[in-house]
Amino acid sequence: MVAKPKARAEPEQAPRRVGPARVGTGSVTSKHSRAPLSPLPATLEPELATLVSKPPAGDWLYEIKYDGYRMLARVDGPDVRILTRRGNDWTSRFPTLRAALMAAKLPVGWYDGEMVLLDGTGMPTFNGLQNAIESGANADIVFYLFDAPFLAGHDLRQVPVEERRRRLQEVLQETDRLRFSQEIEGKAADLLDSACRLGLEGVIGKRRGSPYVHRRSDDWIKLKCTQRQEFVIGGFTWPDDSRANGIGALLVGYVDEGRILQYAGKVGTGYTGKVSAALRQRLDAMSMPKRPFAGPTGHDTHATWVRPELVCEVVYSEWPEGGSLRHASFKGLREPDDKPAAEVAPERPAKARTRAVAPPGKLRITHGERVIDPSTGLTKLDLATYYAQVARWMLPYLAGRHAYVVRFPTGIEGERIFQQHPQGMAGLRGTDPALWRGHEPAIAFESAEDLVRAAQLDCIEIHTWNSTANAIKLPDRVIFDLDPGDGVTWARMRQAAELVRVMLQELGLASWLKTSGGKGLHIVVPLKPELEYPTVKSFSEAVATHLGQAVPQLFVAKSGGRNRMGRIFVDYLRNGQSQSTAEAYSARARPGMGVSMPITWDQLAEVRSGGHWTVSTAIAYLRSRKSDPWGGYWRNPQHLAPAMQRLRALI
DNA sequence: GGGAGAA
DNA sequence: TTCTCCCAACGCATC
DNA sequence: GATGCG
Ligand SMILES: [Mn+2]
Ligand SMILES: [Mn+2]
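Per the UniProt record's numbering: the first sequence = residues 1 to 651.
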């Protein structure tokens, strides 16, 4: 035990929260309250605190909010490991701390705490810790322990937090490097006040009686003194004077709900010459030509852009809605492997957000964290999750249909592989080889799993034929792919789509509309599979040609050339044998990752581009819809022959 | 990224 | 089980 | 033959 006999009024009388199945035991919870024996898990996700703006009611215990890195120590006899909150092993970075943990002879367990660097005044500093980690000189690092979800062979996760802390304090021999994060007593409001006056970052509150859970929980809260948050660095400006090295200001942002990098403001102070130079060196190596932020920063002309991978900590006085950060000051870098840039979302005092990201089944996605669209930070896992979730809408359009996939093994900026056959790739389902002898099996999608497996193979786009396996030579649809040439406004695209619709109506054909996910629109006419490809294609060519002749200022029927400048190519070539078009709900490999979204004709007025919906936004939109935008599509396969008659008459 | 083949 | 090596992934229209 | 496009 520590020398001081702390007069810690144990909260024995604290009202326990009523647990569902704990009613009938009758016995007073003793020191050795029920805690199952348990082997020590290999990994542990820490409980995270929710940011709140004022102390809530209820029975809380408060601790100082230390300004450092959340760390976990896994102690299993001589096997001592130090892990970040994401489970990265940082043991080798903290040899002195490892030694301290070894020397402490702690029981087998998982220990949860915050690692900080104390400056001369005993105040923890984040910048200092950053420097210490990078230089390996971490003599002054202190590990404040505050919890022990596993201890001495027991699983304490269901044990109330105050009891876990009591047991932790019991086994912990405090040293200079290893300390117990004391409870601070007093009224919450006063505690926060005095913490702020002392220059601390804030206080942490924990609800008495609460268990240890592996997620952000509202049983743990943080109250902050200053506005302080992590941002992604997306660029920087040069210093005013002629200092060759260093940084004028950092341009920082955050990832919004749509996973788009939004600009937040510039950070002009807080780094000294040395830090600034080192930062500059690091950023230079990450430079890229394109602005990573979705919108303009106001400093675009003097900015050097960088890949949005570095995360920094910033304090600021104010962040007005729709405006940029005021008095922003740099506090240090976050290590990128500890918190990927894609996860840096604005954290505002609020109720804990519910994380409802359905993982794509139990199929394995390797390198799920890999960014496939640098403009948004969208990852491979995002893509796989998108396809897992969109499957219920997409699969009907894929059923029985030959598909092509477009793969991007290194993301949308890298090599593009247009793949027409499974070619022995186990992740791609092939059509029955017996079905069509002499032909290589085609790619088919029959389930959500097929879609997710394809995503694992970096298949971003899924294109399909106009016919299905049961009548592979007879198209069951005809498509008019409207491709805007350079300089075509969206208003003219709308106009063009309406004109095509009207022309088809005059031919007696009902049509359905979708965004392409890229720049254009797709107009689809479902057909009875009764005519062969060349017939259907020549019909579509005649329609395109007619449009080009009737409204030459808007339409062209020939691809290529610069005759497309300012006009819309009516791409009828999609209607040939073995040709393909991006299928409904397919993602597209373009910056922003649009998806091809079926819409009603009425919606056309509201849609702003072919990429109006994206991998990030489509699922929420689809869930919010009550009716199928393509209601009636499957119930209206149409005869083409009468339309061909009418078209001949028209010409 | 993953198959085949080797260790 | 884990490692290394090696290797594939279109057809059509247009210029 | 190269290039652009799904
Ligand atoms: Mn198109
Ligand atoms: Mn096209």
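Beta carbons: idealized from backbone N, C-alpha and C, even for Gly.
- As DSSP reads the structure, Glu45 sits in no beta bridge.
- Taking 8 Å as the cut-off, the Cβ atoms of Tyr633 and Met394 do not count as close.
- Note that the C-beta distance between Ala496 and Leu482 is below 8 Å.
- Boundaries of the beta strand (DSSP E) harbouring Met71: 69-76, taken from the DSSP string.
- Going by beta carbons, His154 and Ala35 fall inside the 8 Å limit.
- The region 366-381 makes no contact with the region 432-451: fewer than 3 CB pairs, one atom from each, lie closer than 8 Å.
- Note that the C-beta distance between Asp476 and Pro529 is below 8 Å.
- Contact between Glu114 and Arg70 holds, with the beta-carbon distance rounding to 6 Å and staying under 8 Å.
- Annotated three-state conformation of Lys290 is coil, per DSSP.
- With 5 Å as the limit between CB and the heavy atoms of ligand 1, the residues that fall short of it are Asp481, Asp483, Ser516, Gly520.
- The continuous beta strand (DSSP E) containing Trp220 extends over residues 216-224.
- Of all C-beta pairs linking the region 450-457 to the region 618-633, fewer than three are shorter than 8 Å, placing the two stretches out of contact.
- Taking a cut-off of 8 Å on C-beta distances, the region 186-195 touches the region 203-222, as three or more cross pairs fall below it.
- Between Glu313 and Arg228, the gap from beta carbon to beta carbon is short of 8 Å.
- In its chain, beyond the 5 residues on either side, no residue has a beta carbon closer than 7 Å to the beta carbon of Pro95.
- Boundaries for Met593: no alpha helix (DSSP H) harbours it, and the DSSP string shows neither H nor E there.
- In the DSSP annotation of this structure, the continuous segment of the beta strand (DSSP E) that includes Asp79 starts and ends at 79-84.
- In this structure, the CA atom of Gly518 is about 15 Å from the CA atom of Glu413.
- CA-CA distance, Gln173 to Lys54, rounds to 34 Å.
- Looking only at Gln553, Arg334, Glu183, Pro296, the smallest Cα-Cα distance to Thr489 is reached by Gln553.
- 8 Å or more divides the Cβ of Arg564 from the Cβ of Gly508.
- Secondary structure of Pro433 (DSSP, three-state): helix.
- Between ligand 2 and Asp89, a heavy atom-to-CB distance of less than 7 Å is absent.
- According to the DSSP assignment, Arg625 belongs to no beta strand (DSSP E), since it is labelled neither H nor E.
- In the three-state DSSP reduction, Asp140 falls in the coil class, being neither helix nor strand.
- Excluding residues up to 5 positions away in sequence, Gln262 lie with their Cβ nearer than 6 Å to the Cβ of Asp256 in the same chain.
- The nearest non-hydrogen atom of ligand 2 is 7 Å or more from the C-beta of Asp602.
- Proximity of the beta carbon of Asp284 to ligand 2 is not indicated: no heavy atom of the ligand is located closer than 7 Å.
- In the same chain as Arg646, and ignoring 5 residues on each side of it, the C-beta atoms closer than 8 Å to its own belong to Glu506, Leu507, Gly508, in chain order.
- If only complete runs of 4 or more residues are kept, the region 408-462 shows the alpha helix (DSSP H) at 448-456, in order along the chain.
- For Gly548, the enclosing alpha helix (DSSP H) starts and ends at 533-550.
- Spatial neighbours of Gly58 in its own chain (CB-CB distance under 7 Å, excluding positions within 5 residues in sequence) are listed in chain order as Arg207.
- The alpha-carbon of Thr614 is positioned some 21 Å away from that of Phe445.
- Within the same chain, and ignoring the five residues on either side of Ser467 in sequence, the residues whose Cβ sits closer than 8 Å to its Cβ are Arg401, His402, Lys473, Leu474, Pro475, Asp476, Pro529, Tyr533.
- A direct Cα-to-Cα measurement between Asp218 and Glu63 gives close to 16 Å.
- Lys224 places its beta carbon less than 8 Å from that of Leu51.
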